[in-house]
């Protein structure tokens, strides 16, 4: 609401898929606070304009306390309910997934009385909780977005739509103007369907303990911008409304981005508008329509944003990547390893589903987007399948090291040169690229660790679950990543101590692989020290395997500490420690004595 943009042209919609009256109450409190905050921002040119990110004032603290008290109470007091007619819509509320559409225009921006303390107008503000019924699939985030598209078309019908996830805030009040510079460009603007800003986080540690999307944001997205444009990542994106509604790009056509401001609506008209708009967010509205297929966000995939962006580009539109110095949006990154792995499992699982569906970029985009752009999409779609190569190199060389069998060329062999070239070139480039993008040396090392962890756990489970889904054994689900941590977890995160905590099959795999490599290396050192071959000869024949196994041990030091040295609640659970030890010992023993 505090964007540097004419308020009469700005409408804000809050989609509350939880349908909580406490969320609605928080919105009403935010309205009262905005009447003081917005003119303050404009007067003093405040950045960022998210009050929680900027500072904590007494006024803001009062609002925060009221909302927290309501959360603790579990419901809204009768005194507050009597002041706002909107709460009456919860009188028929049954269950989280069984309720009518709840729609309330909290501020009508066309009403002259809707003003801040300085007498300036406020943007339109709308609360929406779409209808939910147990017998109808709600299609997760894509379904919520499509309901918002329809309702907003009826209430304000702005030509441009910005969607932002609930765990993100605006960090740049000029972001709207930045996006409109591309969309309204006289030469190329008519070709642009959406302007994508990067996904950045304000709670990252100095060395990015659980990695981030640094290389994607600072390098790869800029690369895709050189072709038809970046993928749609689901948040921080400005869309043309008509492209989301299925419109194809026609060469030579110009899109008028100007619109007139409607006159004031009477109070009775507002109530009528609310009632008329409710049907647009009903469970049955999309039946026998193109919504979720050719209109709006696509259904049937955990990464609905990616296939939606792909389909828009395949209709002839281009997109633009905008990465200003002052980040447009900041969000919350996961603060524990399990939550991080779950997040990457969802992303890679959805991407693999795209590869195995009709939206495979190789044939869906054939003849519609360039080959280079198709390959860019395919890289993302193949994330999950990378698990098998990583698992192979994490297991097989160490097993044969245990047996004293060389799998790679000797140091003196010229065939070592291709291996050395690939290893040195890949990691030298990765290191320089990471530092050039603003990262740290330790941050790069953490990034390599997460590269290994994602591919040996998240991607593995994503691959298996996707195959089971296509075979009909499981249903596709939308896994929500938790972003709220307790105080102990937050303190360990700030100190860059990895958080394992909860028991998880993915952690079991990581611990087993770490101990497996440690046991193999220890047994190899023992055999080399006591065997008939000299150390020089052993090193000559087994150098690359020793290096690989040694690096895997070094990169897993935080995991070993969590297994045996740490006493805090973030250590590895005892059940995982025992299981991983047993699995690793059995694997080593069986292979060693198998032949």
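Numbering (my numbering), first residue to last: -18 to 576. The C-beta atom is built at its ideal place from N, Cα and C for all residues, glycine as well.
Quick check on the DSSP output: the beta strand (DSSP E) that includes residue i runs from which residue to which?
i	result
residue 143	141 to 144
residue 219	218 to 221
residue 312	310 to 312
residue 150	149 to 151
Going by other Cβ atoms of all chains shown within 10 Å of its Cβ, with 16 needed for buried, is residue i buried or exposed?
i	result
residue 152	buried
residue 58	exposed
residue 268	exposed
residue 394	exposed
residue 289	buried
residue 400	exposed
residue 324	buried
residue 518	exposed
residue 454	exposed
residue 480	buried
residue 81	buried
residue 171	buried
residue 258	buried
residue 195	buried
residue 360	exposed
Any idea which residues DSSP pairs residue i with across the strands?
i	result
residue 108	-5, 85
residue 96	102
residue 300	175
residue 122	Answer is none; residue 122 lacks a bridge partner.
residue 552	Answer is none; residue 552 lacks a bridge partner.
residue 272	276
residue 79	76
residue 181	311
residue 113	80
Quick check: residue i and residue j, are their CB atoms within less than 9 Å of each other?
i	j	result
residue 553	residue 509	no
residue 186	residue 475	yes
residue 189	residue 357	no
residue 298	residue 174	yes
residue 352	residue 293	no
residue 391	residue 411	no
residue 136	residue 260	no
residue 583	residue 1	The structure shown does not extend to residue 583, since the chain is modelled only from -18 to 576, so the question has no answer here.
residue 300	residue 167	no
residue 278	residue 127	yes
residue 177	residue 139	no
residue 571	residue 504	no
residue 488	residue 557	yes
residue 90	residue 100	no
residue 67	residue 51	no
residue 227	residue 296	yes
residue 123	residue 331	no
residue 284	residue 327	yes
How is the alpha helix (DSSP H) around residue i delimited, first residue to last?
i	result
residue 64	59 to 64
residue 442	440 to 451
residue 332	318 to 336
residue 381	368 to 384
residue 213	That residue, residue 213, is in no alpha helix (DSSP H); it is neither H nor E in DSSP.
residue 425	422 to 434
residue 398	397 to 417
residue 352	352 to 362
residue 192	Neither: residue 192 is in no alpha helix (DSSP H) and is coded neither H nor E.
residue -11	Segment: none, residue -11 is in no alpha helix (DSSP H) and carries neither H nor E.
residue 510	486 to 511
residue 306	Note, residue 306: premise wrong, no alpha helix (DSSP H); not H, not E.
residue 11	2 to 25
Got a sec? Which residues, its chain only, sit under 8 Å from residue i by beta carbon, not counting five neighbours each side?
i	result
residue 34	150, 152, 183, 311
residue 367	436, 440
residue 10	44, 47, 48
residue 347	355
residue 158	-15, -14
Report all residues from its chain with a CB closer than 6 Å to the CB of residue i; omit the five preceding and five following residues, and keep chain order.
i	result
residue 161	none
residue 524	392
residue 498	379, 530, 533, 534
residue 143	219
residue 319	483, 485
residue 69	none
residue 322	438, 439, 487
Using a Cβ-Cβ cutoff of less than 7 Å, which residues in the same chain neighbour residue i once the five nearest sequence positions on both sides are dropped?
i	result
residue 598	This structure leaves residue 598 out entirely; the chain is present only between -18 and 576.
residue 431	191, 192
residue 385	508
residue 125	-4, -2, 111
For the ligand NAP, any of its heavy atoms closer than 8 Å to the Cβ of residue i?
i	result
residue 535	Of ligands this structure carries none, so the ligand NAP is not represented either.
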